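Heads up: the sequence shown begins at 1 in UniProt numbering, then just goes up one per residue.
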Amino acid sequence: MKQRLTVGQAVVRFLANQWTERDGVEQRTVAGFLGIFGHGNVAGIGQALLQAQRTGAPDMPYRLARNEQAMVHTAVGYARMRNRLSTMACTASIGPGSTNMLTGAALATVNRLPVLLLPSDVFASRAAAPVLQELEVPAAGDVSVNDAFRPLSRFFDRIWRPEQLPQALLSAMRVLTDPAETGAVTLCLPQDVQTEAYDFPDELFTKRVWHVPRQAPDPLAVERAAATIRGAHRPLIVAGGGVIYAEASSALDRFARETGIPVADTQAGKGALPWDHPNAVGGIGATGNPVANKLARNADVVIGVGTRYSDFTTASRSAFQHPDVRFVNLNVTGFDAGKLSALPLVGDARAGLSALLPALHGRRFTGDFRDDVAAWQAAVDHAYRGRGTQGDLPTQAEVIGVVNEACGTRDVVVQAAGSLPGDLQRLWRARDPKQYHVEYGYSCMGFEIAGALGIKMAEPGREVYTLVGDGSYLMMAQEIATAVAEHLKLIIILVQNHGFASIGGLSEQVGSQRFGTAYRYRNPRSGDYDGARLPVDLAANAESLGASVIRCRTIADLVEGLKQAREADRLTVLHIETDPEPSAPSAESWWEVPVAEVATLHSTRHARTEYLAGKRDQRHHLRPGGL
């Protein structure tokens with residue numbers, strides 16, 4: 001039997017019948033659509049979603065977004081909260097509507113998170129060429145702006161004819177549900193093809209369950225890895241996001257307790273163990289803490305679990321200084337498992353840890369890191385208390401401390417860019433694997449509110465706090481209106497420091513004197529932005545988007561405001577001005593940002609000297625992990 005449907009209707013009906021299963025638990029693979037309609041998709045996907053909403057067949061929820069990039073961030077937040085087992089589809093119109101999703105596509109793929117992108121495209125018939133918003137390429141008639149998605153997607157296809165759709169949809173689902181391959185999946189839909197009817201086979205629309213197995217690593221690889229670890233004197237575990245996506249926290253807890261090995265975490269892995277776990281040493285790398293970084297410098301075997309070893313994690317490959325250091329990497333992807341010349345264990349984090357522990361034959365390590373951890377936590381307490389000087393602006397560390405204290409165990413904090421990620425990784429005390437959500441793969445300004453929206457959609461029963469600086473807020477705040485329209489409560493802490501605090505500090509570090517990092521009037525005499533502060537009222541802006549706003553002048557105001565926000569039943573923004581100067585203790589680490597080799601500015605020449613000193617600790621890590 002066949003069903004005569006338009007391509008748009010077939011896409012919606014197919015997606016409504018896709019399910020993901022792991023450990024016996026099924027959930028919708030695509031939980032709903034986010035979209036903004038234009039002439040490219042209103043008559044195709046738009047009509048199909050309207051029809052589904054009116055008739056209930058198929059069941060496919062639709063939510064109106066305000067920005068196409070933001071709606072991809074929302075889908076990413078949703079997918080991360082669902083451990084990559086469920087996501088959202090994003091529909092956009094031709095031209096700028098579709099290309100607005102490019103940044104979101106890159107973010108999803110960098111972070112190994114599934115999203116389904118359905119950008120509208122030019123006419124397949126070319127009867128109305130060039131159509132409004134079409135970019136003509138004189139040398140290639142089959143190219144459109146959507147080809148820019150190719151390098152950003154883990155799977156890309158363009159549906160020129162209706163009969164191509166079934167294979168494209170099945171291929172898309174295979175990638176979306178494969179933890180080793182997942183990322184942005186892009187199916188370009190020419191606007192005329194979206195409305196074309198075709199007799200699709202009934203089998204395409206039956207319930208299809210995509211089983212996500214827990215791949216165990218090769219037994220011989222496990223024994224080789226165990227032999228390497230057994231021979232270590234000062235091993236260290238680096239827990240990445242793969243631990244959380246694999247729901248492997250309990251397995252990591254047992255592994256750490258029975259072996260005695262300390263566990264550091266990456267930005268994506270924070271919360272894999274609770275902050276007060278006896279083996280937890282906190283964040284590692286350029287935004288980590290001195291305890292974890294000291295252990296990294298001295299480690300002779302590093303066990304990476306579910307980490308892709310970004311430059312922040314490895315401190316631009318200066319973190320691991322033992323002359324004979326070797327790496328054992330457990331990762332669901334061979335690409336990440338092989339990094340740093342490691343002995344690779346390709347497999348699921350939970351299955352891999354469960355296989356590796358008995359292979360160690362009871363080997364237990366002892367270390368003296370607990371006193372260092374206690375001293376570090378005392379430093380965190382001091383940073384949370386701030387300067388205590390009447391009249392001073394609150395520090396960012398104080399704000400983080402107040403929010404951390406206000407958060408319940410299952411509440412979530414969201415962040416992505418600026419100086420906040422570094423302070424959060426050093427200072428935040430995570431108590432649940434899903435409490436800490438800092439997007440630091442692409443570190444995209446503007447992710448914070450849109451990503452928080454997706455998290456709330458995925459877990460409506462959790463309070464979601466998003467910390468956003470004024471720079472990120474000005475990039476993308478409009479999803480406040482989306483959250484208000486959907487009756488989704490968020491608690492947004494808007495940190496106002498009148499510029500780009502993180503890049504301002506980095507600018508000083510590289511000798512560029514905070515050039516172009518302050519929100520001030522341009523001075524006609526100097527030509528620089530060193531005039532008075534701009535009279536921008538971000539609190540009023542948030543209120544205009546439908547938020548309830550609380551203006552906080554002091555830390556005491558923030559404490560009280562957070563109580564009110566928790567008791568409220570609607571989205572609340574708490575606005576607080578902070579001191580832009582750094583307030584968190586140093587990570588005692590390094591991050592490589594190149595400095596001009598020649599310069600007339602003394603500040604730049606001095607920074608170049610410091611930069612070259614840092615580079616002396618970089619290592620290539622070419623020694624095979626199993627030797």
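Quick reminder that beta carbons are idealized off the backbone N, C-alpha and C, glycines included. Remember, predicted model here, so these are calculated numbers, not experimental data.
Asked	Found
Beta-carbon gap between Val302 and Ala239 smaller than 7 Å	no
Contacting residues, own chain, Cβ-Cβ under 6 Å from Ala315 (five flanking each side not counted)	Gly285, Ala286, Ser589 and Trp590
Three-state class that DSSP yields for Tyr611 in the structure shown	helix
N-terminal and C-terminal residue of the alpha helix (DSSP H) that Thr482 is part of	Glu479 to Ala485
Exposed unless 16 or more other CB atoms sit within 10 angstroms - verdict on Arg370	exposed
Which listed residue (Gly24, Asp192 and Ala148) has its alpha carbon closest to that of Ser125	Asp192
Reference Pro219; option with closest CA among Gly56, Ala128, Leu345 and Ala57	Leu345
Nearest residue (CA-CA) to Ala501, options Lys489, Ala232 and Gly469	Gly469
First and last residue of the uninterrupted beta strand (DSSP E) at Tyr436	Tyr436 to Val438
Straight-line Cα distance separating Leu176 from Leu116	8 Å
Outcome for Ala248 when other beta-carbon atoms lying within 10 angstroms are tallied against a minimum of 16	buried
Residue(s) in a DSSP beta bridge with Gly35	Leu64 and Thr91
Alpha carbon of Arg308 to alpha carbon of Phe327, nearest angstrom	13 Å
Inter-residue Cα distance where the pair is Met475 and Arg533	18 Å
C-beta contact flag for Tyr436 and Lys270 at 7 Å	yes
Stretch-stretch touch, CB-based, cutoff 8 Å, three pairs: the stretch 170-188 with the stretch 126-140	no
Cut-off 8 Å between Cβ atoms - residues of its own chain near residue 628, not counting five sequence neighbours on either side	The structure shown has nothing for residue 628, since the chain only spans 1 to 627.
Run of the beta strand (DSSP E) containing Thr466, from where it starts to where it stops	Val464 to Gly469
Given 8 Å, three or more beta-carbon pairs between the stretch 333-343 and the stretch 260-276	no
C-alpha gap between Thr103 and Phe149, whole angstroms	10 Å
Counterpart residues of Val12 in DSSP-defined beta bridges	BP columns for Val12 are empty, so no partner.
Assigned exposure category for Ala375 - 16 Cβ within 10 Å defines buried	exposed
Rounded separation between Glu567 and Pro421 - CA only	27 Å
Within 7 Å, strictly: CB atoms of Cys444 and Leu107	yes
Proximity to Thr313 [Cα-Cα], best of Asp142, Pro524, Leu574 and Gln425	Gln425
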